[in-house]
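The opening residue of the sequence shown carries number 2 in this note's numbering; numbering runs sequentially from there. First the structure, in the form of C-alpha cells, and then the observations on it.
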Amino acid sequence: MGPQTNEDVDVKNENKNKGSCCGGSEVPHPSQESKENVKEELAEVKEIKKEEIDYKSKYFYIAAEMDNMRKRFDREREGIVKYGTDKLLSALVPVLDNFDRTIEAVANDEDVKVKNLRKGIEMIRQQFVQVLEDNGLKSVSSIGKKFDPNFHEALTQEESDAHEEGTILREYEKAYVLNGRLLRAAKVVIAKKK
C-alpha cells in the first residue's frame, strides 16, 4: 500500500462516522451481555435504595428511642430531686412529733424555768418545721374533716351526737405530704353515731 492521501483519510473518517451518527444507516444493537449488565446495575441500584430506606428507618427509630430515653431520664431525675429526700424526711417526722408532745406535756406548767424551756423548744421546733417545709414537707391537719382512707388511718371510733359520722375527732399523729405526695397518713379517732 502506498502513501495515504487526504482523500483516503476523509473517506475512512466518513465511513467511521456513518455508523456512529444518528442519521447513519448502521445503529448499533446492544448485545445480550450489555443488557444483562444494565439489569444487574438496576438491581444493584434497587438494592442500594432499599438499604437507604432501611437505614433511614433505623435512624428515625433510634432518634425517637433516644428522645424517649432523654424524656424518661428527665422524669427520673425530676423524681429524684423532688422525692429523693423522702427517707430522711420520714425519719425526721417522728422527731417533730416528739417536739409537739414535749410542748404539750409542759404547756400548763407554771414554773418560770419550765415556761422558758418550753419557749426555747417552740422556737427550735419552728426552725425545724421551716427547714422541713423548705424541703417540700407539709403537715395536713385532719381534725373536723371527713375520714379519707387515702390520708387517714383510723385507730378507733367514738360515739358522738355533736359530730357527723366519719368526722375526725382527734389525731394522734398528723399526716404529712412531700411535694403533694403522702409521706405519712394521720392516725385518727373518728366519730360514729350512738
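Cβ coordinates follow ideal geometry from the N, Cα and C atoms, glycine included.
Inset, instruction - Specify, as a first and last residue, the run of the beta strand (DSSP E) that I191 falls within. - result: Annotation for I191: the continuous beta strand (DSSP E) segment containing it runs A187 to K193.
Inset, instruction - Measure from the alpha carbon of G145 to the alpha carbon of each residue in D162, I169, A163 and L133, then state which is nearest. - result: I169
Inset, instruction - Could you tell me the boundaries of the alpha helix (DSSP H) in which A106 lies? - result: Run containing A106: D87 to A106, per the alpha helix (DSSP H) assignment.
Legend entry - L184 versus T86 - alpha carbon distance: 11 angstroms
Legend entry - DSSP-derived helix/strand/coil call for E159: Residue state, collapsed to three classes: strand.
Inset, instruction - Would you mind working out which of N38, L90 and E66 sits nearest G131, comparing C-alpha positions? - result: Note that residue 131 is Gln in the sequence shown here, rather than Gly. Nearest of N38, L90 and E66 to Q131, Cα basis: L90.
Inset, instruction - Count the C-beta pairs between the region 153-164 and the region 109-128 that are closer than 8 angstroms, then say yes if the count reaches three, no if not. - result: Because the criterion of three Cβ pairs below 8 angstroms is not met, the region 153-164 and the region 109-128 do not touch.
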